Each structure stands twice: as structure tokens, then as C-alpha cells.
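**Q** My numbering numbers the first residue of the sequence shown as 196 and each following residue consecutively.
Heads up, the beta-carbon is just placed ideally off N, CA and C, and yes, glycines get one too.
What you are looking at is a predicted structure, and each value in this text was computed from that prediction instead of being measured.
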Amino acid sequence: MMENLNPTIYFQEGDSSSDYRSNISIIDMLNIGNNNLTISEMTSMDIFEIIRRIKDPEYPLTLEQLNVVELKNISVDNNANRVIVYFTPTITSCSQASLIGLSILFKLTFTLPSRFKVIVKVTPGSYDSEEALNKQMRDKERVRAALENIQIFKAITKGIVNSDIWDDSIMCGETVIY
196 MMENLNPTIY
206 FQEGDSSSDY
216 RSNISIIDML
226 NIGNNNLTIS
236 EMTSMDIFEI
246 IRRIKDPEYP
256 LTLEQLNVVE
266 LKNISVDNNA
276 NRVIVYFTPT
286 ITSCSQASLI
296 GLSILFKLTF
306 TLPSRFKVIV
316 KVTPGSYDSE
326 EALNKQMRDK
336 ERVRAALENI
346 QIFKAITKGI
356 VNSDIWDDSI
366 MCGETVIY
């Protein structure tokens, strides 16, 4: 049963207000060396682009549309190889908060280069059991156990399937204006 029967939708998919991208070229995204393509540096925008289209477990909306994830709540430290994402559940008693956190963690862990440590936390003051959930998200064994649960794993994959948008023109070296 849905807890928040009338969530605030901040914008619809495809609204120009939801698209933060600007001119991007393959050279900007990749550092080519030793015949290997490697990501030179990640930005908060890169992380946001990876997670913004994850589907909410309760609603047919993205985490971005519900303001569960926001660019301002993402930080990247390339020198320390660390990414920190704060997410904000739609209500302070959200029963899906751990599933949302696991979805973000799962997507980033399997998308980013392995050199990055991914930290996912609840935005301070936005969730009743903030400390307990943050502790759960830091505990590798509890995260692993959750991901081994077939029901949780199915819910996570349902939320992240089709959450990537790929523009083939980027691979052709063209400048893309969004």
C-alpha cells in the first residue's frame, strides 16, 4: 500500500527544466591513452546522470521527478576516489527508503570504475530512521545479504532497468546540444 498517496511531482520526464546537460563531446568524456578508454574524472553531474532515471519503487516516476535525488546532494572527490550521494525520501516515514538507497548504491557500484568508493546516505533530517538506514547502507555484509534476497534484487532491477539514456551521436564524435 502506498504511504504517500499524493507525492509532489517536481517536473515531468522530458521537461527542459530536468535536463542539466550542456555541450558534450567524446573528448570531454574520455581520456584516451595506451589504447584504452578510461574515464578521466567524474563530476557530480556525471553521477546525477547515472541515477536520475531510476524508478521509484512505489510510483511510476523517476527519483529525479520526485526530488529524491538532486544534483546539489551529490559530491565527487576524484583524488580520494569517493562519491557521496544523499537522497531524500518523499515522506519521513517512507518504508521504501532502504530499497531506494540500495538501488542507487547498486547502480553506481556497477556503473562506476571500481576505484570509486560509493557512499549513499539519507539527506539529514529527511527520514525518521536516518541513523539506522545510514548504518545499514555502510555495512557491506548487510548490503550483500539484501542483494542476495531475490525479492529485493528483483525490485532493484525493476527500478534500474531502462534508466540509462544513450545518445549514439556522442560516440560519433559530434557535439550534442541538449
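Assuming K267 is part of the alpha helix (DSSP H), what are its boundary residues?
**A** Against the sequence shown, residue 267 aligns to sequence position 72. From DSSP, K267 is part of no alpha helix (DSSP H); its letter is neither H nor E.
**Q** Candidates D323, T306, R333, F301: which alpha carbon is nearest K316's?
**A** Start at 1 with the first residue of the sequence shown, and residue 316 comes out as number 121. Checking every option, the nearest Cα to that of K316 belongs to R333.
**Q** Thinking C-beta only, is V338 closer than 8 Å to L307?
**A** Walking along the sequence shown from the start, residue 307 turns up at place 112. Walking along the sequence shown from the start, residue 338 turns up at place 143. Their beta carbons are not under 8 Å apart, which means L307 does not touch V338 by this criterion.
**Q** What residue range does the beta strand (DSSP E) around L279 cover?
**A** As a first step, residue 279 must be located in the sequence shown, where it is residue number 84. Note that residue 279 corresponds to Ile in the displayed sequence, not to Leu. Segment 277-282, the beta strand (DSSP E) holding I279.
**Q** In terms of residue numbering, what span does the beta strand (DSSP E) encompassing V263 cover?
**A** Translated into positions along the sequence shown, residue 263 becomes position 68. No beta strand (DSSP E) contains V263, which DSSP labels as neither H nor E.
**Q** Identify the residues that DSSP records as bridge partners of I314: which are they?
**A** Numbered from 1 along the sequence shown, position 119 holds the residue referred to as residue 314. In the DSSP output, where bridge partners are listed per residue, I314 has I279.
**Q** So, are the CB atoms of I299 and V280 less than 8 Å apart?
**A** As a working note, residue 299 is residue 104 in the sequence shown. As a working note, residue 280 is residue 85 in the sequence shown. Going by C-beta atoms, I299 is nearer than 8 Å to V280.
**Q** Tell me where the alpha helix (DSSP H) around G354 begins and ends.
**A** Position 159 of the sequence shown holds residue 354. Residues 345-355.
**Q** Using alpha carbons as the reference points, say which of K330, F243, P284, D359 lies closest to E265.
**A** Reading the sequence shown from its first residue, position 70 is the one you call residue 265. It is F243 whose Cα lies nearest to the Cα of E265.
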